[in-house]
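Chemist: Here it is, the structure in full.
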Amino acid sequence: MSEVKPAGKRLLLVAACALVDADRRVLLAQRPEGKQLAGLWEFPGGKVEPGETPEECLVREL
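Using our numbering, read the sequence shown as starting at 37 and increasing by one per residue.
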């Protein structure tokens, strides 16, 4: 994957997914206390590490 960075900007690649079961329930995670936006809900995912694909990131995060 090639990266395009606007001048003077840092690119942060993240990956997230929506896991939905047969009963149409969605897996969400609640952000921990002490973190930015603590207590809010989010889809599973995270920052893609250098040399890692978005798919590998999701496997690691899940």
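Glycine residues also receive a C-beta, built at the ideal position from the N, C-alpha and C atoms. In this text the structure is predicted, and so the values were computed from the model without any measurement.
Consult DSSP for glutamate 97 and reduce its assignment to one of helix, strand or coil.
Modeler: If DSSP states are grouped into helix, strand and coil, glutamate 97 belongs with the helices.
Chemist: Starting from valine 50, trace the beta strand (DSSP E) in both directions and tell me its first and last residue.
Modeler: 50 to 52
Chemist: Measuring only the C-alpha atoms, how far is alanine 52 from glycine 82?
Modeler: 7 Å
Chemist: Give the straight-line distance between the Cα atoms of alanine 65 and proline 80, rounded to the nearest whole angstrom.
Modeler: 6 Å
Chemist: Suppose the cutoff is 8 Å on Cβ atoms and the five residues either side in sequence are ignored; what does the same chain contact list for tryptophan 77 look like?
Modeler: Leu64, Ala65, Gln66 and Arg67
Chemist: Please classify valine 56 as buried or exposed, where buried requires at least 16 other C-beta atoms within 10 Å of its C-beta.
Modeler: exposed
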